[in-house]
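Participant: The structure is given below, and queries will be raised subsequently.
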Amino acid sequence: MEDLPEALLAEIVRRVTKRSDLNSLSLVSKRLFAIEAEQKESIRVGCSLCLKTEELVSLFSRFPNLWKVEIDYAGWTPSHGDQLDSHDLFVILSCCPSLTDLTLNFCSNIDDTGLGYLRYCEKLVSLRLNSATEITSTGLLSVAVGCNSLSSLHLINCEKIGSTKSEWLEYLGLNGSLVELVVKNCYGISLSDLLKLGPGWMKLRKLEFEMKGGVWDVHEGYYHMEMDG
Numbered sequence: 000m001e002d003l004p005e006a007l008l009a010e011i012v013r014r015v016t017k018r019s020d021l022n023s024l025s026l027v028s029k030r031l032f033a034i035e036a037e038q039k040e041s042i043r044v045g046c047s048l049c050l051k052t053e054e055l056v057s058l059f060s061r062f063p064n065l066w067k068v069e070i071d072y073a074g075w076t077p078s079h080g081d082q083l084d085s086h087d088l089f090v091i092l093s094c095c096p097s098l099t100d101l102t103l104n105f106c107s108n109i110d111d112t113g114l115g116y117l118r119y120c121e122k123l124v125s126l127r128l129n130s131a132t133e134i135t136s137t138g139l140l141s142v143a144v145g146c147n148s149l150s151s152l153h154l155i156n157c158e159k160i161g162s163t164k165s166e167w168l169e170y171l172g173l174n175g176s177l178v179e180l181v182v183k184n185c186y187g188i189s190l191s192d193l194l195k196l197g198p199g200w201m202k203l204r205k206l207e208f209e210m211k212g213g214v215w216d217v218h219e220g221y222y223h224m225e226m227d228g
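Residue 0 is where the sequence shown starts when you use the working numbering, and the numbers rise one by one after that.
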């Protein structure tokens, strides 16, 4: 095994798709362990992850080519330990220079400060925020100003994001890179607020807007619009 060319070992690792098999394979030799880490492009962490800063650095530095990170705390209870916070997110981002896709699900300890660190992610293309209870329009403004390659933005059940500080919509519209926008049950954002995208509105290829109740209650409790093309 140690005598095989690295390209061949890399091809073997690419053909193994089951996570359990990959974990077992990486234990066979140090070379396979290193190659498996280099091949890994995405990671999902959640309730069971409760690490100190140096441990986070050790974990994420092992995977130099990560482009997709999902932090998911759905079902979290205090018995799981502390959630990752804004500083932890900064540590993770610092270890992922190729990051293009980030999802934050039910991350109650990550606030606008944490989201502001995304300005260092020049390659970020997709951002999904689901039940990110501490994120406001201020954090989104940091993203809109700093992430010039952002093309997909999903906001779901983000209660503190409102239209009182809607500069983030204006920046996204002026930048012109946004082609997909999904807004669901963010009660501080109305459909009319989306007009602040200005000329960026015409560049959207997909728009979904859902809000239960209120003035947009027109189709089974939801207003829904989708454009493809």
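Glycine is no exception: its CB is placed at the ideal position from the N, C-alpha and C atoms. None of the values given here were measured: they were computed from a predicted structure.
Just list the alpha helix (DSSP H) runs in the stretch 137-175, keeping only unbroken ones of 4 residues or longer that don't cross its boundaries, in chain order.
Facilitator: Fully contained in the stretch 137-175 are the following alpha helix (DSSP H) runs of length 4 or more, in chain order: 166-174.
Participant: How would you call residue 225, buried or exposed, if buried means at least 16 neighbouring beta carbons within 10 angstroms?
Facilitator: Residue confidence for residue 225 is low, a pLDDT of 48 falling below 50, so the modelled location carries little weight; the figure read from the coordinates is stated next. Counting Cβ neighbours within 10 Å, residue 225 comes out exposed, since fewer than 16 surround it.
Participant: Quick one: Cα of residue 186 to Cα of residue 160, how far?
Facilitator: 8 Å
Participant: What separation, rounded to the nearest whole angstrom, lies between the Cα atoms of residue 144 and residue 138?
Facilitator: Between residue 144 and residue 138, the C-alpha separation is close to 10 Å.
Participant: For residue 87, collect the residues of the same chain with a Cβ closer than 7 Å to its Cβ; drop the 5 residues on either side in sequence, then sort them by chain order.
Facilitator: The residues 55, in chain order, have a CB closer than 7 Å to that of residue 87 in the same chain once the five nearest residues on each side in sequence are set aside.
Participant: Can you tell me whether residue 73 is buried or exposed? The criterion is at least 16 other CB atoms within 10 Å of its CB, across all chains shown.
Facilitator: exposed
Participant: Where do the ends of the beta strand (DSSP E) carrying residue 45 lie?
Facilitator: Note, residue 45: beta strand (DSSP E), 41-45.
Participant: Just checking my contact of residue 236 with residue 110 at CB under 8 Å: how many whole Å lie between their CB atoms?
Facilitator: Since the displayed the chain opens at 0 and closes at 228, residue 236 lies outside it and no answer follows.
Participant: State the beta-bridge partners of residue 127 as determined by DSSP.
Facilitator: Note: residue 127 sits in a beta bridge opposite 102, 153.
Participant: Can you tell me whether residue 180 is buried or exposed? The criterion is at least 16 other CB atoms within 10 Å of its CB, across all chains shown.
Facilitator: buried
Participant: From the DSSP output, in three-state form, read off residue 207 for me.
Facilitator: strand
Participant: According to DSSP, is residue 91 helix, strand or coil?
Facilitator: Note: residue 91 maps to helix in three-state DSSP.
Participant: Do you know how far the Cα of residue 176 is from the Cα of residue 79?
Facilitator: 39 Å
Participant: What residue does the alpha helix (DSSP H) around residue 180 start on, and which one ends it?
Facilitator: Note, residue 180: premise wrong, no alpha helix (DSSP H); beta strand (DSSP E) at 179-183.
Participant: For residue 171, I'd like the list of residues in its chain whose CB is within less than 7 Å of its CB, leaving aside the five on either flank, ordered along the chain.
Facilitator: Scanning its chain for C-beta atoms nearer than 7 Å, with the 5 sequence neighbours on each side dropped, one finds around residue 171 the residues 143, 177, 196, 199, in chain order.
Participant: Can you give me the C-alpha to C-alpha distance between residue 208 and residue 183, rounded to a whole angstrom?
Facilitator: 6 Å
Participant: Could you give the distance in angstroms between the alpha-carbon of residue 141 and the alpha-carbon of residue 77?
Facilitator: 30 Å
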